Each structure stands twice: as C-alpha cells, then as structure tokens.
Amino acid sequence: MSFTSEVKKQICDDVLDTSAAKAQLCALLQMRASLHMNWQGMYLSFQTENATIAKHVFQRMKEQYQVDPRLSVLRKMQLKKNNVYRIQVYDKAQTILSDLKILTESGLHFAPPIQYTRSEKNARAYLQGCFLAGGSINDPKTTNYHCEISTHEEQMAQSIQKMMQRFYLPAKTIRRKNAYIVYLKAGDKIADFLKLCNASQALFDFEDSRIQRDFYNNLKRLDNCELANEMKALKAGKKQLDYIYALEQNENKVEISSKIRHVMEIRKKFPEASMNELCEQCYLAYGEIISKSGMKHRLGKIKEMAKPFLEDADA
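UniProt numbering puts the sequence shown at residues 1 to 315.
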C-alpha cells in the first residue's frame, strides 16, 4: 500500500459528528461527483479507483441521508487496468446537493459552503474530504517532500489554498494541463497537514522517516566536509613539503632559524598532519609550546623564504 493510500485509509477511519461528516462529504462530492439527467430524472454519480474511499462515501450517504446508493465496479482497459468504483444515487440526489449547499437556485457551486466550514472542526473535515478526493503525498523516503490536492475547478483550488492558509499552511497553486494543483513542499508543513487531517499513524511514520533522512543527510554532509578538509590539508601539506625541500637544497643561501627548522622536520615526519597535530608533535619532539596561529605563521615564513628558489627553478 502506498503512503497516500495509507493516509486516506486513516482519514476514512476518523470518527466525525454529523456536521463534520457533511462537511467532508460536501468536499468529496464537489471534487469528484457529477450530476446527470435521464428518463428517471436527476441522479448523482461519484467514482474513484480507491475501494476504501468508495466504501466510505457509500456509508456516509446512507448514514446522513438514508438513501440506498448503487455501487458498481468497472474495469479500466488502458494503462494500469485498475478497478473503478462508481456510486450512483437516484433517490434524493437534489435533496443531498441542496442540503450540502452545492446546488442552489443560482446553480452548482465549487466553493466551500460557509455553513459547513465556519468552525475549525468542520473546516478540517472539509480539507479531509478534499484530500480523499484528489490528494497525494510522496513517500517520505523518496528524494523530496511533496503534498498536493488536484481539482479541475480553479475556484475550488483557490478555496482550498485559502482554507489551508487559515491553518498556517503556506500552500501554493499552479496549473498543470487541465487541472489546478494546490501543493505544499516543506516537510514540517506536510506533517502539520497530516496532523490537521487526524492521520496520526501516518504522521508518526512521516516524522520518523523525515528524522532518519535528515540525520543521514546531515551525517553525509559532515562526512563530505571532513573529506574536503582532509583533501585541503593534504594539498597544503604537499605544497609545504615542496617549500621545505627547496629551502634544504639552498640552505647555504638563506639563514634558517632553529624554530623554523623544527617545523620543517616535523612537517617532513608528518606530511598529512593537521595544524593542531603539528603543534602537538612539535611539543613532543622539542618541548616547544606553539599555538595554531604560531604554527601557521612559521609555515607562512617557510613559504616566503622558499618562493624565490622555486621561481628560479621555474624560470
């Protein structure tokens, strides 16, 4: 089961009171349902490829409106060839849409009814319905965090975005082909959205994966930094050895103090040592206490003294 399917299953298991259940059903129908007319009159059709959601909508309609929906299973003949679950309501179709404020005298509405989204509890339920109908979340183990809700109605997308911002979720909207996508990219905000939807177990799984992933990323970053520092130290050490060998070959032409000679000997013995390690070895070998800045200064002096001889060799 995908991570998105697991989140939707947990949302379907959430226990809601009557007003919140209607708010959730309203979002589901606005996002996925269609209204039809035939010789029997007006009927409502809802379809999904998710069996859990189909069962959930079927039960919600029976509980809230005491109707007997027809459930049929179709087989897609292209691409993944998944099952498509279609729910059709012939009795009370207009009553249901009117009660949910989707259908009024002015026509069909694709915006959250104030009556069902005024309270925070109902607004949460409405967003649950939106996610059930058109939402998805990348598995947190993948390379990036992404949560989105897709709808074909621009007004619906704008309404979802505003409602998410109401809960301090910085959602953005883009158009993708014939759909409008409301999305979140930040891992912590996706976690807040899962919490908002009462998908507790999915939230724990998401946070656990996110913590592990961030830990390994930080560890890898530190390893890379350490490796880069080691490479830098090796490169610097090689150059310092070149300066030292140049001085030794021309020691009759330049005056080298004992302190400089100590550093030259230590560097030759420990070509890969860091500054701190050179200071420590200098103390062990000669009993001389020298700071890191002092060591850097002496190595700089060696470079300054050796540079003329290297330039002569290049010439």
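Think of the CB as a built atom: it goes at the ideal place given N, C-alpha and C, for glycine as much as any other residue.
Predicted model only: the values in this text are computed from it and were never measured.
Problem set entry | Simplified DSSP assignment, three categories, for Asp314 | Unreliable placement is indicated for Asp314, whose pLDDT of 49 sits below 50; no coordinate value is reported for it.
Problem set entry | Expected contact under 8 Å - CB spacing of Val254 and Met295 to nearest Å | About 20 Å; that fails the 8 Å criterion.
Exercise. Are the Cβ atoms of Ala246 and Leu299 separated by less than 9 Å?
Worked result: For Ala246 and Leu299, no; Cβs fall outside 9 Å.
Exercise. Considering only C-alpha positions, which residue in the set Lys81, Asn198, Glu272, Asp208 is nearest to Ala20?
Worked result: Selected option, being the one with the closest Cα: Asn198.
Problem set entry | Coil, strand or helix - Asp17 by DSSP | Asp17: coil per DSSP, three-state reduction.
Problem set entry | Rounded C-alpha distance that separates Ala315 from Pro308 | A caution first: Ala315 carries a pLDDT of 44, below 50, which makes its placement in the model unreliable, though a value can still be read off. Spanning the two alpha carbons is a distance of roughly 11 Å.
Exercise. Taking contact to mean at least 3 C-beta pairs separated by less than 8 Å, is the stretch 104–120 in contact with the stretch 19–34?
Worked result: Taking 8 Å as the limit for Cβ pairs, the verdict is that the stretch 19–34 does touch the stretch 104–120.
Exercise. When we look at the beta-carbon of Cys130 and count the other beta-carbons within 10 Å, is it buried (16 or more) or exposed?
Worked result: Taking a 10 Å sphere around the C-beta of Cys130, we find 16 or more other C-beta atoms and assign the residue as buried.
Problem set entry | Three-way DSSP call (helix, strand, coil) for Ala179 in this model | Here Ala179 carries a strand assignment [DSSP, helix/strand/coil].
Exercise. Taking C-beta to C-beta, are Leu97 and Val84 nearer than 9 Å?
Worked result: Not in contact: Leu97 and Val84 (Cβ atoms no closer than 9 Å).
Exercise. Curious, which full-length alpha helix (DSSP H) runs of at least 4 residues does the stretch 152–205 contain?
Worked result: Every alpha helix (DSSP H) of 4 residues or more that sits fully in the stretch 152–205 is shown, in chain order, as 154–166, 187–196.
Exercise. Which whole-angstrom value is the C-beta distance of Gln281 and Ile302, which I expect to be below 8 Å?
Worked result: Rounded to whole angstroms, the Cβ separation of Gln281 and Ile302 is 16 Å, and the two are not in contact under 8 Å.
For this session: Measure the Cβ-Cβ separation of Pro170 and Lys195 and say whether it is below 9 Å.
Result: Contact flag unset, no.
Problem set entry | Three-state class that DSSP yields for residue 362 in the structure shown | Limits of the chain in this structure are 1 at one end and 315 at the other, which puts residue 362 out of reach.
Problem set entry | 8 Å contact criterion, which Ile87 and Phe58 should meet: CB distance rounded | So it is a contact: roughly 6 Å between Cβ atoms.
Problem set entry | Beta-carbon proximity check, Met42 vs Gln94, cutoff 9 Å | Taking 9 Å as the Cβ cut-off, Met42 and Gln94 qualify as a contacting pair.
Exercise. How many whole angstroms separate the CB atoms of Ile181 and Glu154, which I take to be in contact at a CB cut-off of 8 Å?
Worked result: Ile181 to Glu154, Cβ: 11 Å. No contact.
Exercise. Can you tell me whether DSSP reads Ser2 as helix, strand or coil?
Worked result: Ser2 falls in the coil class under three-state DSSP.
Exercise. If you compare alpha carbons, which of Pro271, Ile174, Val89 is closest to Lys239?
Worked result: It is Pro271.
Exercise. Alpha carbon to alpha carbon, how far is Glu6 from Ala202?
Worked result: Roughly 7 Å separates the two Cα atoms.
Exercise. When you compare each of His36, Ser291, Ala133 to Thr4 by their alpha carbons, which one comes out closest?
Worked result: Ranked by Cα distance from Thr4, the first of His36, Ser291, Ala133 is Ala133.
For this session: Have a look at Glu251, Ala236, Glu63 and flag the residue whose alpha-carbon is nearest the alpha-carbon of Thr18.
Result: From the listed residues Glu251, Ala236, Glu63, the smallest Cα separation to Thr18 is found for Glu63.
Problem set entry | Where Gly294 sits in the DSSP three-state scheme | Helix, per DSSP.
Problem set entry | For Leu71: DSSP bridge partner residues | DSSP lists Ile87 as partners of Leu71.
Exercise. Rounded C-beta distance between Arg221 and Pro140? I'm assuming under 8 Å.
Worked result: About 19 Å; that fails the 8 Å criterion.
Exercise. Mind pulling the alpha helix (DSSP H) runs of 4 or more residues that sit fully within the UniProt domain "Sporulation regulator WhiA C-terminal" (220–306)?
Worked result: Listed in chain order, the alpha helix (DSSP H) elements of length 4 or more contained wholly in the UniProt domain "Sporulation regulator WhiA C-terminal" (220–306) are 258–269, 275–286.
Exercise. Which same chain residues, not among the five before or five after Lys292, have their C-beta less than 7 Å away from its C-beta?
Worked result: Here Lys292 has Met275, Asn276, Cys279 as same chain residues with Cβ atoms under 7 Å from its own Cβ, once five neighbours each way along the sequence are excluded.
Exercise. With respect to the alpha helix (DSSP H) encompassing Ile96, which residues constitute its N-terminal and C-terminal limits?
Worked result: Annotation for Ile96: the continuous alpha helix (DSSP H) segment containing it runs 93–99.
Exercise. Given that a residue counts as buried once 16 or more other Cβ atoms are within 10 Å of its Cβ, and exposed if not, what is Met305?
Worked result: Met305 should be labelled buried.
Problem set entry | Residue(s) in a DSSP beta bridge with Glu148 | Residue pairing for Glu148: DSSP places it in a beta bridge opposite Ser136, Tyr183.
Problem set entry | Neighbourhood of Gln128 by C-beta distance below 6 Å, restricted to the same chain and skipping five residues each side | By the criterion of a C-beta distance shorter than 6 Å, Gln128 is surrounded in its chain by Ile11, Gln24, Cys197, once the five residues flanking it on both sides are discounted.
Exercise. Can you give the Cα-Cα distance for Pro69 and Ile160, rounded to whole angstroms?
Worked result: If I take the Cα positions, the gap works out to 28 Å.
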